[in-house]
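Q:
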Amino acid sequence: MASDNSFPVSVESLHFPSAAFSVSQTLSSLRRSALSVTNRLRSIDADARFVEYVSEYYGLPLVANERCGSWYINPDRKACSVYFKSTDGHTGEWKFSTRRLNLQVLPVAQEHGGCVIVDSTRRGKLMPDALSKTIPIWCAVLNRALFPSESAFHAVQFPPDYLGSSEESQIEQRIDGFVEAFKDLKLDLGELKKALGKPIKIAWANQSYFHPADAEKGNDYQLFVLCSASKRVHGAEISEGGYIQGAGDDSEGWSHGLTPSVFWRNRDLLLSTEESDLPELINALMREHGKSDASTQATLIRPTSNLYIGCSDALSSLAGVYDLVISCNDRPAEDGDPPTRLNLGCGSSKLGSRDLRIALDKVKSFVDKHLLPHPSRSLFVVCETGRDLSVGTLLTIICLYYNDNGQLVGPQPEVPLNKQSIRQRLTWITTSKPDANPSRATLQSVNAFLLGR
Numbered sequence: 001m002a003s004d005n006s007f008p009v010s011v012e013s014l015h016f017p018s019a020a021f022s023v024s025q026t027l028s029s030l031r032r033s034a035l036s037v038t039n040r041l042r043s044i045d046a047d048a049r050f051v052e053y054v055s056e057y058y059g060l061p062l063v064a065n066e067r068c069g070s071w072y073i074n075p076d077r078k079a080c081s082v083y084f085k086s087t088d089g090h091t092g093e094w095k096f097s098t099r100r101l102n103l104q105v106l107p108v109a110q111e112h113g114g115c116v117i118v119d120s121t122r123r124g125k126l127m128p129d130a131l132s133k134t135i136p137i138w139c140a141v142l143n144r145a146l147f148p149s150e151s152a153f154h155a156v157q158f159p160p161d162y163l164g165s166s167e168e169s170q171i172e173q174r175i176d177g178f179v180e181a182f183k184d185l186k187l188d189l190g191e192l193k194k195a196l197g198k199p200i201k202i203a204w205a206n207q208s209y210f211h212p213a214d215a216e217k218g219n220d221y222q223l224f225v226l227c228s229a230s231k232r233v234h235g236a237e238i239s240e241g242g243y244i245q246g247a248g249d250d251s252e253g254w255s256h257g258l259t260p261s262v263f264w265r266n267r268d269l270l271l272s273t274e275e276s277d278l279p280e281l282i283n284a285l286m287r288e289h290g291k292s293d294a295s296t297q298a299t300l301i302r303p304t305s306n307l308y309i310g311c312s313d314a315l316s317s318l319a320g321v322y323d324l325v326i327s328c329n330d331r332p333a334e335d336g337d338p339p340t341r342l343n344l345g346c347g348s349s350k351l352g353s354r355d356l357r358i359a360l361d362k363v364k365s366f367v368d369k370h371l372l373p374h375p376s377r378s379l380f381v382v383c384e385t386g387r388d389l390s391v392g393t394l395l396t397i398i399c400l401y402y403n404d405n406g407q408l409v410g411p412q413p414e415v416p417l418n419k420q421s422i423r424q425r426l427t428w429i430t431t432s433k434p435d436a437n438p439s440r441a442t443l444q445s446v447n448a449f450l451l452g453r
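Letter by letter, the sequence shown follows residues 1 to 453 of the working numbering.
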């Protein structure tokens, strides 16, 4: 009988082309399922219950370390927000940020005897670097600068058995330099001391331990509890039955535009909705609540009495409220803008920062013509985020026209313009609007304009 040459004659000739593909496809599908929006929201909800327990355990208000921390706090329970970056605590990169001073938390601590600062981190770590290093550095700087005689609180307070002794020592060696940089900002240290009241003592709370176990509010210090909201997960998410550590982190990648406040406003509905229906529901909720959820409020930049900052979305709801408006991203109208409005037409991100450098001449001419002769007029400066180009624009105006007391005095400021004086003026904006976060490119454009004149 003739042989069939198409039949395999050895094991090596056997092929299963779909097997490996199917296994890979299945694993990817399982991982996507484990990291679903539904699982993220349920994980956030579970961790939020732990956060609320920590608040009640210590009898302290909740403070969100943005952006992640706000997912774990019902807005009705949130006392304020802070902006401590984990990158400021990365190994070898430790620093005290003079751009993110977070002084808004001082009166909260004074009123309540401390606070619980909430953050989280993704799989594998017990806590983010913001809680293990950035905030301890900040606390040590404030304790030394505001309470020089309280030496018991001057050492950096580190979480137990978490960092190596070498890293702790290297951080400690940098603190005095950070204190000098803080003092160089020429802030009123007496007022800041009064706002805080007492030195800061740190405790840590996470789902593995509370340390120190007997920490409580005291008469000699304000207790800052650094709370890592999520349970530490060592393996893959698939092994956790749907639980995701740090589910609120990097929400731009999974949330379909959902924000913490809209989540909490519609929590029950979102948690009971099928995964396949969530994108459509979230889009509908954001259309309904998004406008009120956006940063549509203008913030007064103190100590001035007439400079305000906000995001571009605020213009529609605040039209006519302010005498003068500078919009950094809007294009000039074809038929001309009103004389009391200046549209700079800057792009986004780094391109916008470069555009700003050229546009600042227009800003100066606008202020010379419309604000300087009428110092009682209000000026509202906006950009897409309310945190970047608008900051650079206002910083330029403040440096050129305002004295140390926040008074409009003309184009010859009392303080000689240099990088240090510009940095000091920037603190006016960052303390008035804590989420202000101008990019390096924006600040470089401002420096180039001011120092190259």
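Glycine residues also receive a C-beta, built at the ideal position from the N, C-alpha and C atoms. Source: prediction; values computed, not measured.
Taking 9 angstroms as the threshold (C-beta atoms), are residue 65 and residue 130 in contact?
A: yes
Q: Bridge partners of residue 204, per DSSP?
A: 211, 226
Q: Apart from the five residues just before and just after residue 385, which ones in its own chain have a Cβ nearer than 7 angstroms to its Cβ?
A: 311
Q: At 4 residues or longer, and completely inside the stretch 284 to 319: list those alpha helix (DSSP H) runs for me, N to C.
A: 314 to 317
Q: Helix, strand or coil, according to DSSP, for residue 37 in the structure here?
A: helix
Q: For residue 135, which residues of its own chain have a beta-carbon under 7 angstroms away from its beta-carbon, when the five flanking residues on both sides are left out?
A: 84, 117, 226
Q: Pop quiz: residue 199 and residue 158 are said to be a contact at Cβ under 8 angstroms. What is the actual Cβ separation, rounded to whole angstroms?
A: Actually they are not in contact, since the Cβ atoms of residue 199 and residue 158 sit about 16 angstroms apart, beyond 8 angstroms.
Q: Over what stretch of residues does the beta strand (DSSP E) that includes residue 80 continue unbroken?
A: 78 to 82
Q: What distance in whole Å lies between the Cβ atoms of residue 270 and residue 263, which are believed to be in contact at a cut-off of 8 angstroms?
A: 6 angstroms
Q: If we call anything under 9 angstroms between Cβ atoms a contact, is residue 344 one with residue 356?
A: yes
Q: Can you give me the Cβ contacts of residue 394 inside the same chain, cut-off strictly under 8 angstroms, excluding the 5 residues immediately before and after it?
A: 301, 307, 309, 381, 429
Q: With distances taken between CB atoms, is the gap from residue 417 to residue 443 smaller than 9 angstroms?
A: no
Q: Count the other C-beta atoms from every protein chain shown that fall within 10 angstroms of the C-beta of residue 47, then say buried if there are 16 or more, exposed otherwise.
A: buried
Q: Check whether the stretch 345 to 355 and the stretch 271 to 279 are in contact - that is, three or more C-beta pairs closer than 8 angstroms.
A: no
Q: Suppose you measure from the CA of residue 70 to the CA of residue 258; what does that come to, to the nearest Å?
A: 12 angstroms
Q: Taking only the alpha-carbon atoms, compute the straight-line gap between residue 420 and residue 185 and give it to the nearest angstrom.
A: Distance between the alpha carbons of residue 420 and residue 185: 8 angstroms.
Q: Here's the rule I'm using: 16 or more other beta-carbon atoms within 10 Å means buried, otherwise exposed. How should residue 128 be labelled?
A: buried
Q: Taking the continuous alpha helix (DSSP H) assigned at residue 265, which residues delimit it?
A: 260 to 265
Q: Since residue 114 sits in a beta bridge, which residues does DSSP pair it with?
A: 223
Q: Using a Cβ-Cβ cut-off of 8 angstroms (strictly less than) and excluding sequence neighbours within five positions of residue 363, which residues of its own chain qualify?
A: Counting only residues of its own chain and dropping the five nearest sequence neighbours on each side, residue 363 has a CB closer than 8 angstroms to the CB of 326, 342, 344, 393, 396, 397.
Q: Use the C-beta contact count for residue 222: other C-beta atoms within 10 angstroms, 16 or more gives buried, fewer gives exposed.
A: buried
Q: Counting only the same chain and skipping the five closest in sequence on each side, list residues whose C-beta sits under 8 angstroms from that of residue 249.
A: Excluding sequence neighbours, residue 249 sits near 68, 120, 121, 122.
Q: Do residue 298 and residue 284 count as a contact pair if the criterion is CB distance below 9 angstroms?
A: no
Q: Using a threshold of 9 angstroms, state whether the C-beta atoms of residue 52 and residue 77 are closer than that.
A: yes
Q: Secondary structure at residue 436, three-state DSSP: helix, strand or coil?
A: coil
Q: Could you tell me the alpha carbon to alpha carbon distance between residue 173 and residue 161, rounded to whole angstroms?
A: 19 angstroms
Q: Using the beta-carbon count (16 or more within 10 Å), is residue 287 buried or exposed?
A: Exposed is the call here.
Q: Between the C-alpha atoms of residue 171 and residue 405, what's the straight-line distance to the nearest angstrom?
A: 35 angstroms
Q: Are the CB atoms of residue 329 and residue 391 nearer to each other than 9 angstroms?
A: No Cβ-Cβ contact shorter than 9 angstroms links residue 329 with residue 391.
Q: Among the residues of its own chain, which have a CB less than 7 angstroms from the CB of residue 375, if the five just before and after it don't count?
A: 408
Q: Would DSSP call residue 343 helix, strand or coil?
A: strand
Q: Can you give me the C-alpha to C-alpha distance between residue 29 and residue 254, rounded to a whole angstrom?
A: Residue confidence for residue 29 is low, a pLDDT of 48 falling below 50, so the modelled location carries little weight; the figure read from the coordinates is stated next. The C-alpha of residue 254 is placed about 16 angstroms away from the C-alpha of residue 29.
Q: Look up residue 363 in the DSSP assignment and say whether it is helix, strand or coil.
A: helix
Q: Relative to the C-alpha of residue 411, which candidate in 320, 96, 367, 50 has its C-alpha closest?
A: The shortest CA-to-CA distance from residue 411 to any of 320, 96, 367, 50 is the one to 367.
Q: Are the CB atoms of residue 192 and residue 126 nearer to each other than 9 angstroms?
A: no
Q: Should residue 73 go down as buried or exposed, given a rule of 16 or more other Cβ atoms within 10 Å for buried?
A: buried
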